[in-house]
Amino acid sequence: MKLWLKQRLSILTGLTAILIFAHLISTLTGGALNHFGIIPRDFQGLIGIPLSPFLHGSWEHVFSNLPALLVLSTLLMTHSIRYYVLASLFIIFMEGTLVWLFGRTSIHIGASGWIFGLWGLLLANAFFLRRAKDFFFAILVFVYYGGIAFGLLPWQEDVSTEGHIFGAIAGLAFSWLTKKWIITNR
């Protein structure tokens with residue numbers, strides 16, 4: 001197996017294992033880990049900024065986020081693993097910080113903010129980078145995941161719409177901030 005593929009499969013397998021293991025521990029402890037989610041404007045809630053994408057409220061929550069996270073991650077890793085890791089860290093920290101600053105008072109958990117960030121990044125890359133690969137990915141993402149745009153609308157009380165919106169904003173921001181770096185390093 002090529003090193004390129006092996007590295008990416010290792011990352012995706014590791015990501016899957018982390019999400020499943022974190023929820024298994026949370027399940028075995030009666031949901032205790034979920035208290036480490038983002039709690040807006042609460043000093044203790046700051047720990048949730050890096051942790052919340054790995055915490056979920058149910059197995060259904062984990063397995064509804066996992067396919068989109070893996071597909072969008074795979075598409076972004078075609079740029080490079082470094083680009084994917086930097087984008088993910090930027091999205092997780094920007095989305096989490098914005099939720100902490102402006103989110104409604106609740107415990108915010110789940111990978112959906114990260115997913116919306118990757119989604120927004122892939123769509124924005126088509127606009128900013130204007131490469132055939134990015135247009136293809138944008139069309140693919142829009143066709144298969146265009147419906148997640150409805151997640152930007154506040155329609156469910158127990159869903160962190162703020163996380164979705166701020167995640168998408170973080171993805172757009174990362175694309176805009178790195179467009180020159182990507183173009184000059186082609």
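Numbering (full-length UniProt numbering), first residue to last: 1 to 186.
The beta carbon of each residue, even a glycine, is placed where N, CA and C say it ideally should be.
Per-residue burial, residue i [other beta carbons within 10 Å of its own, 16 or more giving buried]
i	result
residue 85	exposed
residue 88	buried
residue 5	exposed
residue 109	buried
residue 62	buried
residue 26	buried
residue 37	buried
residue 52	buried
Helix, strand or coil at residue i according to DSSP, with G and I counted as helix
i	result
residue 38	strand
residue 23	helix
residue 56	coil
Cα-Cα separation between residue i and residue j, rounded to whole angstroms
i	j	result
residue 137	residue 125	9 Å
residue 35	residue 130	42 Å
residue 32	residue 70	26 Å
residue 157	residue 140	30 Å
residue 112	residue 143	18 Å
residue 159	residue 8	30 Å
residue 106	residue 40	7 Å
residue 21	residue 60	14 Å
residue 133	residue 77	12 Å
residue 73	residue 12	8 Å
residue 102	residue 75	30 Å
residue 58	residue 122	28 Å
residue 54	residue 23	8 Å
residue 167	residue 65	14 Å
residue 18	residue 56	12 Å
residue 10	residue 3	10 Å
residue 16	residue 127	30 Å
residue 43	residue 104	15 Å
Span of the alpha helix (DSSP H), counted from its first residue to its last, around residue i
i	result
residue 97	81-102
residue 49	48-51
residue 129	112-129
Item to check | Sufficient close CB pairs (3 or more, under 8 Å) joining the segment 103-116 to the segment 163-171 | outcome: Yes, since at least three Cβ pairs between the segment 103-116 and the segment 163-171 fall closer than 8 Å, the two stretches touch.
Checklist entry - So, do the segment 170-182 and the segment 85-94 have three or more beta carbon pairs nearer to each other than 8 Å? => result Three or more Cβ pairs closer than 8 Å define a contact, and the segment 170-182 meets that threshold against the segment 85-94.
Checklist entry - Okay, do the segment 41-52 and the segment 77-84 touch, 3+ Cβ pairs below 8 Å being the bar? => result Contact between the segment 41-52 and the segment 77-84 is absent, because fewer than three Cβ pairs lie under 8 Å.
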